[in-house]
Every structure is written in C-alpha cells, then in structure tokens.
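Novice: If you count the sequence shown from 1, you need to add 53 to reach the numbering used here.
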Amino acid sequence: MFQTPHSVQWMRPESQEGLSVSDWFNILVLHQNRIKTNPKSAINEHFLPRFLDFVVWGHEHECLIDPQEVPGMGFHITQPGSSVATSLIDGEAKPKHVLLLEIKGNQYRPNKIPLMTVRPFEYAEVVLKDEADVDPNDQASVLEHLDKIVRNLIEKSSQPTASRSEAKLPLVRIKVDYSGFSTINPQRFGQKYVGKVANPQDILIFSKAAKKRQTTTGENIDESEKLRPEELNQQTIEALVAENNLKMEILPVDDLDIALHDFVSKDDKTAFYACLQRNLDETRKKLNSEAEKFKIEEEDIIVKVGECMQ
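What follows is the structure in structure tokens.
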C-alpha cells in the first residue's frame, strides 16, 4: 500500500492564528515489519512523509530504543521492541528499555529507562562443524560441548546487575547448526536443567546451513531469508491448528487457535483451561435459556467435550 502512489493519505493540522503547520510536533506510531527480508512484507522508512518529526516503530522484537536519524528524511525512529521475550531469537536477548520523550516546540529530549523486572534471556549460536573439540562420530562430545555452552549462559545470566530487582530463572536458547552431525533429543537434553532455566524443554533448536538458490537474474538467494525465525515459528503453530482432519463438534477451532497462540507465545499455562471453561459457560447459558426444549445434564456436556478433545 505504501509503495503505491496516493494510496495513503496523511492528515495534518490546519494553520491557526499564531500557529503554523510547521509548529506542530508530528509523531507517527507504526506497527509493521521493519527488517527488509522481503520488500512486500516490510515498510521502507523512505515511504514515510518528510513532515514527520518522530516515529515509534512497533512490531519488531529487538529493542533499538536510541532514536536513529533517517538520512535525507528529517525524522528519527525509535524501536522499543517487545517488553518481554516473546520469541526466543537473538534480538530478544538485547537489554530491554522504554523511552520517555520530553517535547518542547519542535525539539525533543529522549530519556532511556531500563526495564528492571524482565526475565533474563541468553542466546547463542553454534556451528558444530567449526568446533575443534566436537567429533561427528562421538555424540558424547557434542553433548559435552553443548552442556558447556548452557552452563556458561546460565552463569552469565546469574551475574548481579543493577537492572534486576528479583531473581528469575533465565530463558536460554542455543541455535545449533548440525550440518554433518546427527541431532539429539532436546527434551532429554533439557531434563538436567529443570529448575535452572525457565525453558528446559526447548533450550536447543537445530538447523542446517541454508542452501543457496539462483534466481532468473543469476543472483544467489539464501533460503533462510525467506522467513524470519518468529514468523516461521508462528506459521508452524498456526499450521497445526489449520489441520482439520478431525472436525470439532463443540469447541470452536478459532478459540483453540487463540488458546494455542497464548500458550506458546505468551507462556499462558491456563489458556486451554480458560478456553474450555468459557465454552462450557456459554453452552450452559444456551441450554438454560432453552431448558424446556432440551434436558441435558452438565455431566453429558463434559463427556462430549472430552470425546472431542481426544
């Protein structure tokens, strides 16, 4: 839409007595992809109008709180990022901040404030074939090497800092390029870290070196650039729900989709229970309103729901 001329109309305050249009401080809050992995799924800063003074860029996970000037455009951009780690990717491991903006006339002063109650998150990437102490034919050496990395990350996260008011189990994520190696079971690997990290079941994520493909113009394209990690994870989650081989008879698929998203992305342990209870309550109300027509016990509803959930 932004790439098509005249598709987006920008409204500005009208001139008033003693106050011209240029006297206003113009702030835009934008919630859209910023990283240009795909020009059709991201907004180019140069598509924004030059009369803007300040842009707050949402949607991106990484915290880039310090205002950055866009060359030739005359405005600055701040990217607050997510206030908590919602995806276990590299950008989430950066320190989290909010920005207090003091504005006077056409001038502003940014005050960066660190978030003090964020759960620590440590991220690392390792390419097994580049590690001298790892043997492709000896899985024990792989386990020992990965254990050493995890221990170092846990120790790093436990170092006292002024920005942490209380101790929380850290999130730890290691992206492992296992090209030329066999994988290990992430759940089994994480069992020894129960009580030491917040996500023992998915400390490790395995990947292989991306293959290069050639376009019609002869340009080499990295297949890994087609989707960002969090987008790939989200597509996988939603694809699981979209599988409709088993038709639901009582629980709406849309509600389960939302519950699954909250469970995975927000770590909401009660998401499925709340979904079930909400639909049970709605079913009870419906049946009570038509009590003369239907004589169905609550136990029958629970049994039917249980059959659908199996």
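Note that CB positions come from ideal geometry on N, CA and C, so glycine has one too.
All figures in this text were calculated on a predicted structure; none of them were measured in a lab.
Where does the unbroken beta strand (DSSP E) through tyrosine 176 begin, and where does it stop?
Specialist: Run containing tyrosine 176: 174-180, per the beta strand (DSSP E) assignment.
Novice: Is tyrosine 176 near arginine 241, with beta carbons less than 7 Å apart?
Specialist: No, Cβ-Cβ distance for tyrosine 176 and arginine 241 is not below 7 Å.
Novice: Using only alpha-carbon positions, find the residue among Lys228, Gly144, Phe259 and Glu115 that is nearest to glycine 134.
Specialist: Taking only the C-alpha atoms, the option nearest glycine 134 is Glu115.
Novice: Going by DSSP, which residues form a beta bridge with glutamine 132?
Specialist: Answer is Leu117.
Novice: In terms of residues, what are the limits of the beta strand (DSSP E) holding tyrosine 161?
Specialist: Unbroken beta strand (DSSP E) run through tyrosine 161: 160-167.
Novice: Can you tell me the Cα-Cα spacing of glycine 127 and leucine 168, whole angstroms?
Specialist: In a straight line, the C-alpha of glycine 127 is about 29 Å away from that of leucine 168.
Novice: Whole-angstrom Cβ separation of leucine 196 and isoleucine 237, contact assumed at under 8 Å?
Specialist: About 7 Å separates the two Cβ atoms, so the contact holds.
Novice: Quick check on histidine 84: does DSSP put it in helix, strand or coil?
Specialist: The answer is strand: DSSP assigns histidine 84 an E or B state.
Novice: Classify aspartate 321 as helix, strand or coil using the three-state DSSP reduction.
Specialist: It is coil, neither helix nor strand.
Novice: Please work out which residues of its chain come closer than 7 Å, Cβ to Cβ, to valine 171, disregarding the five sequence neighbours upstream and downstream, and give them in chain order.
Specialist: Contacts found: Val137 and Lys149.
Novice: Between the beta-carbon of lysine 165 and the beta-carbon of isoleucine 118, is there less than 7 Å?
Specialist: Contact: yes.
Novice: Whose C-beta lies closer than 7 Å to the C-beta of leucine 153 among residues of the same chain, with five residues either side of it excluded?
Specialist: Once the five neighbours on either side are set aside, the close Cβ partners of leucine 153 are Asn164 and Ile166.
Novice: When we look at the beta-carbon of histidine 132 and count the other beta-carbons within 10 Å, is it buried (16 or more) or exposed?
Specialist: Checking the displayed sequence, the identity of residue 132 turns out to be glutamine instead of histidine. With 16 or more Cβ atoms within 10 Å of its Cβ, glutamine 132 is classed as buried.
Novice: Reducing DSSP to helix, strand and coil, say where lysine 245 ends up.
Specialist: In this structure, lysine 245 counts as helix in the three-state DSSP scheme.
Novice: Whose C-beta lies closer than 7 Å to the C-beta of valine 74 among residues of the same chain, with five residues either side of it excluded?
Specialist: If we look at valine 74 and ignore the five residues flanking it on each side, its Cβ neighbours are Arg65, Pro66 and Ser68.
Novice: Taking lysine 261 as the reference, give the member of Gln121, Leu329 and Lys228 with the closest Cα.
Specialist: With distances taken between Cα atoms, lysine 261 lies closest to Lys228.
Novice: On a CA-only basis, which of Lys182, Leu340 and Leu222 is nearest glycine 248? Give me that one, please.
Specialist: With distances taken between Cα atoms, glycine 248 lies closest to Leu222.
Novice: Nearest by alpha-carbon distance to cysteine 328: which of Glu98, Lys201 and Leu309 is it?
Specialist: The option with the nearest alpha carbon to cysteine 328 is Leu309.
Novice: Please go through the same chain and pick out, in chain order, the residues whose beta-carbon is closer than 7 Å to the beta-carbon of tryptophan 43, but skip the five residues on each side of it.
Specialist: Outside the shown range of the chain (54 to 363) lies residue 43, about which nothing can therefore be said.
Novice: Which same chain residues end up closer than 6 Å to glycine 243 when comparing Cβ atoms and leaving out the 5 residues on each side of it in sequence?
Specialist: Answer for glycine 243: Pro253, Gln254 and Ile256, listed in chain order.
Novice: Verify whether the separation of the beta carbon atoms of glutamate 98 and valine 82 is less than 7 Å.
Specialist: No, Cβ-Cβ distance for glutamate 98 and valine 82 is not below 7 Å.
Novice: Is lysine 182 near serine 235, with beta carbons less than 7 Å apart?
Specialist: No; because the gap between Cβ atoms is not below 7 Å, this pair is not in contact.
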